[in-house]
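Asks: In our numbering, the protein residues as written are 840 to 1385.
Here it is as C-alpha cells:
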C-alpha cells in the first residue's frame, strides 16, 4: 500500500539507454486508439461466441446464478472455490484485524474481555509479541482446521531441525519443502467442506513456502544467532500471522522488518488508512465486476473445453477469447491477492502490491516482476541471487545465468505441476526472457547508442516497438498454454502463428475469406501499437518519478 521512495534528482538523463523518447502526439494517439479499440472489441467478440456458435457446447459448464433464472460460468474451479470461501475469509480476517488493532493498554487492563465469535479470546499480556501471537494462533484452527495446523507446524519443526542437524545445508529445506509442495495433496489430511478444503489446500502450499523462507534464513545465519529465543518468537509470529497465511508470499526478513516498524510505531496513519479503505472499495468493485461478467462472457468454459472446440473458431475469435481469459485471470488474482493484502495494510504492514494489468505489459520480465511480486521476491532472493553471487568469466557467467533461469522455472514447475502445457508455458517464458536479455545487452552497447543519435528518438522508438514483437509473441502465447487445458495452447499456436506464418510465405493473405496469413499480419501490426502503448506507460512512469 506504500509507494517506494525515490530520489528527487535523477542519476542519469531521461533519454538513457533504457527507453527511447515518446513518438509525436498523432502517432501516440493512433497507437492508443488502436489498442484500446481492439481491447474492448475483444470482449464483444467473446460475448458473441459465448452466446452464439459455442453456446450449446459449453452449456454443461453453466451453473445457477444468485439471480433467479440466470446462469453463470463457474468452470474455473479456483474462482468457484474462492466464491464459496470468501465470506468466511472476510469474517476471519476481520476478527483478526479487530483484535490486532485493539490498543495494547486496553488489552492489559481489560483481562476479562472475550470475543465469543469463533470462540476467540483476547488474552492480557505486557508483551507485544505475545499478544500478536495469541491473537493470530487462536484463529488458525477456525481459519482452517486443527489437523491442518498440527501437520504444518510439525513439518516446520521437522524441516528446521533437519536444517540444523545437517549443519545449515540449504539443500535440506529445499528438498523437503519442494517435495512437500509436489506431494502434499496426496499425503496430508483435508477436511470435508468446500470452503475449508480450499483454505487448507492453500495453507499447506503457501505454508511450505513460509517454512522454506525461514529455514533458508536459519541455514544462513544459525551460527550468528545470539539469542535463539528472539528468533523463535519471530518465527512463531511469522508462521501465525493470518493475512500472510495463504495466497501472499512474504519473505521472513521482510516480515520481520515490517513487524519491527509496526512495533515501534503503532499510531494509525490517516493517509495509509485512507489508501487501504480505497483499495478495499476497489476490491469490492472488481469482485462484483468479475461475477457480473461471468453471466455474459464464458471464456473460462471455452478454455476448459476440449481443444476441438477451440479449433472450430476462427483466428479472431480465438485471439479475442484468449485475451479476455487473460484479463479475467488478472482480475481474479487482483481479488484473491488483494483481500489478505487489504487486511495486512489495515494492520499497518506492507503487503506485496496487486498484480499488474496484462494490457500494459509487453516485456514479460515486468510481468514476472509485477504480477505476483511476492513470488518474484522469493525467487530472486532465494534462487537467482544465491546462484549468481560469485563473479565468473564471461562464458561461465552466461552458462550460470542459464542455469539460474532453469532453477527458477524449475521451482515454478514444482509449484504448478509438470503437465505438458505448463512445460510449454515455462519454455516460452524462458525464451522470451533470454531474447529480452540479449536485446537489452545489444541496446546498451556504445555502437547502438551512437546509431541512436543518428536515427533520433522517434526512429529508435519505432524500431524498438517492432523488435519487441520477438518478445511479446512468445510471452503472450506462453500465457495461452498456461490458461488453457492440454491441447488448447498448441491449437492456438498452430492456427495463429504457424499457419499464419506459412500463409504469409505463400502469399495467402485474404480478408474474405479470412486466411490465417491476414490475421497473422493484423496481429503483428496490433502488437506494434501495443508495444508503443506499453513503452509510453513505462517512459512516462519513469519521467514522473524523476
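Here a beta-carbon is modelled for each residue, glycine too, at the ideal position from N, C-alpha and C.
1) With 16 as the cutoff for other CB atoms within 10 Å, does residue 985 come out buried or exposed?
2) Classify residue 991 as buried or exposed, calling it buried when 16 or more other Cβ atoms lie within 10 Å of its own Cβ.
3) Run through the DSSP bridge pairs and tell me what residue 903 is partnered with.
4) According to DSSP, is residue 1196 helix, strand or coil?
5) Give the C-beta separation of residue 1359 and residue 1328 to the nearest angstrom, bearing in mind that I take them to be a contact with Cβ-Cβ under 8 Å.
6) As a quick exercise: from 1010, 1050, 1374, pick the residue whose alpha carbon is nearest that of residue 1311.
7) Taking the alpha helix (DSSP H) that residue 1121 falls in, what are its first and last residues?
8) Relative to the C-alpha of residue 921, which residue among 1264, 1018, 1259, 1177 is closest?
9) Distance, Cα to Cα, residue 1367 vs residue 1072?
10) For residue 901, which of 1140, 870, 1292, 1267 has the nearest alpha-carbon?
11) For the alpha helix (DSSP H) that contains residue 1342, what are its first and last residues?
12) Exposed or buried, which one is residue 1250 when buried takes at least 16 other CB atoms within 10 Å?
13) How many Å lie between residue 1371 and residue 872 at the Cα?
14) Considering only residues of the same chain and omitting the five flanking positions on each side of residue 1007, which have a CB-CB separation below 6 Å?
15) Measuring only the C-alpha atoms, how far is residue 1165 from residue 1219?
16) Looking at the structure shown, is residue 1080 part of a helix, part of a strand, or coil, going by DSSP?
17) Which residues bound the alpha helix (DSSP H) around residue 1271?
18) Determine the direct distance from the alpha carbon of residue 1273 to that of residue 1384, and round the result to whole angstroms.
19) Return the residue from the list 1231, 1325, 1294, 890 that minimises the CA-CA distance to residue 1264.
20) Could you tell me which of 1287, 1090, 911, 1193 sits nearest to residue 1047, measuring between CA atoms?
21) If you draw a straight line from the alpha carbon of residue 886 to that of residue 1319, how long is it in whole angstroms?
22) For residue 1125 and residue 1170, what's the separation of their Cα atoms in angstroms?
23) What three-state label does DSSP hand residue 1312 in the structure shown?
24) Starting from the Cα of residue 1093, find the closest Cα among 868, 1213, 937, 1287 and give me that residue.
25) How many angstroms separate the CA atom of residue 907 from the CA atom of residue 1168?
26) Whole angstroms is fine: what's the gap from residue 1122's alpha carbon to residue 1172's?
27) Give every residue of the same chain whose Cβ lies closer than 7 Å to the Cβ of residue 1020, excluding the five residues on either side of it in the sequence, and list them in chain order.
28) Can you give, in chain order, each stretch of the alpha helix (DSSP H) that sits fully within the segment 1001-1033 and has at least 4 residues?
29) What does the Cβ neighbour count give for residue 1300, buried or exposed, with the cut at 16 atoms within 10 Å?
30) Using beta-carbon positions only, say whether residue 987 and residue 1039 come within less than 8 Å of one another.
31) Below 8 Å on the Cβ atoms is my guess for residue 1023 versus residue 1078; work out the distance and round it to an integer in Å.
32) Just verifying my parser: in three-state terms, what is the DSSP assignment at residue 1145?
33) Do the CB positions of residue 1055 and residue 1113 come within less than 8 Å of each other?
Replies: Taking the coordinates as given:
1) Here residue 985 corresponds to residue number 146 of the chain shown, with the count starting at 1. With a threshold of 16 other beta carbon atoms within 10 Å, residue 985 falls short and is exposed.
2) For the purposes of this step, residue 991 is taken as the residue at position 152 of the chain shown. Residue 991 comes out buried.
3) Position 64 of the chain shown, counting from 1, holds the residue named residue 903. 910, per the DSSP bridge assignment.
4) By one-based count along the chain shown, residue 1196 stands at place 357. Coil, per DSSP.
5) Within the chain shown, numbered from 1, the residue matching residue 1359 stands at position 520. Within the chain shown, numbered from 1, the residue matching residue 1328 stands at position 489. Not quite, the Cβ-Cβ distance comes to about 17 Å (not below 8 Å), so this is no contact.
6) The residue given as residue 1311 occupies position 472 in the chain shown. Measuring from the Cα of residue 1311, the nearest candidate turns out to be 1374.
7) Taking the first residue of the chain shown as 1, we reach residue 1121 at position 282. Unbroken alpha helix (DSSP H) run through residue 1121: 1109-1132.
8) Your numbering for residue 921 matches position 82 in the chain shown. Cα-wise, what sits closest to residue 921 is 1177.
9) What you label residue 1367 is simply residue 528 of the chain shown in a count that begins at 1. What you label residue 1072 is simply residue 233 of the chain shown in a count that begins at 1. Near 54 Å, if we compare the C-alpha coordinates of residue 1072 and residue 1367.
10) Along the chain shown, one-based indexing puts residue 901 at 62. Of 1140, 870, 1292, 1267, the residue nearest in Cα terms is 1140.
11) Numbered from 1 along the chain shown, position 503 holds the residue referred to as residue 1342. Its alpha helix (DSSP H) spans residues 1338-1344.
12) For this step, residue 1250 is matched to residue 411 along the chain shown. That one is buried.
13) Reading the chain shown from its first residue, position 532 is the one you call residue 1371. Reading the chain shown from its first residue, position 33 is the one you call residue 872. Spanning the two alpha carbons is a distance of roughly 12 Å.
14) Position 168 of the chain shown, counted from the first residue, corresponds to residue 1007. So the qualifying residues of the chain are 1058, 1061.
15) Taking the first residue of the chain shown as 1, we reach residue 1165 at position 326. Taking the first residue of the chain shown as 1, we reach residue 1219 at position 380. Going from the Cα of residue 1165 to the Cα of residue 1219 covers about 25 Å.
16) Indexing the chain shown from 1 puts residue 1080 at position 241. Residue state, collapsed to three classes: coil.
17) Residue 1271 sits at position 432 when you count from the first residue of the chain shown. Looking at the DSSP string, the run of the alpha helix (DSSP H) that includes residue 1271 is 1259-1282.
18) One-based indexing of the chain shown puts residue 1384 at position 545. One-based indexing of the chain shown puts residue 1273 at position 434. Distance between the alpha carbons of residue 1384 and residue 1273 is about 28 Å.
19) Here the question's residue 1264 lines up with position 425 in the chain shown. Shortest Cα-Cα distance from residue 1264 to any of 1231, 1325, 1294, 890 involves 1325.
20) The count along the chain shown starts at 1 and reaches residue 1047 at position 208. Ranking the options by Cα distance to residue 1047, first place goes to 1090.
21) On the chain shown, position 47 is the one that residue 886 refers to. On the chain shown, position 480 is the one that residue 1319 refers to. Cα to Cα, the separation comes out at about 19 Å.
22) If you number the chain shown from 1, residue 1125 lands on position 286. If you number the chain shown from 1, residue 1170 lands on position 331. Looking at the two C-alpha atoms, the distance is approximately 7 Å.
23) Position 473 of the chain shown, counted from the start, is the residue given in the question as residue 1312. Helix.
24) By 1-based counting over the chain shown, the position of residue 1093 is 254. Answer by Cα proximity: 1213.
25) Stepping through the chain shown from its first residue, residue 907 is reached at position 68. Stepping through the chain shown from its first residue, residue 1168 is reached at position 329. About 26 Å.
26) As a first step, residue 1122 must be located in the chain shown, where it is residue number 283. As a first step, residue 1172 must be located in the chain shown, where it is residue number 333. Distance between the alpha carbons of residue 1122 and residue 1172: 10 Å.
27) For this step, residue 1020 is matched to residue 181 along the chain shown. Around residue 1020: 1044, 1047, 1253, 1254.
28) 1010-1026
29) The residue given as residue 1300 occupies position 461 in the chain shown. Buried is the call here.
30) Numbered from its first residue, the chain shown carries residue 987 at position 148. Numbered from its first residue, the chain shown carries residue 1039 at position 200. Against a cut-off of 8 Å, the Cβ pair of residue 1039 and residue 987 comes out as a contact.
31) On the chain shown, position 184 is the one that residue 1023 refers to. On the chain shown, position 239 is the one that residue 1078 refers to. Rounded, the Cβ-Cβ distance is 16 Å, inconsistent with contact.
32) Position 306 of the chain shown holds residue 1145. In this structure, residue 1145 counts as coil in the three-state DSSP scheme.
33) Translated into positions along the chain shown, residue 1055 becomes position 216. Translated into positions along the chain shown, residue 1113 becomes position 274. No, the Cβ-Cβ distance between residue 1055 and residue 1113 is not below 8 Å.
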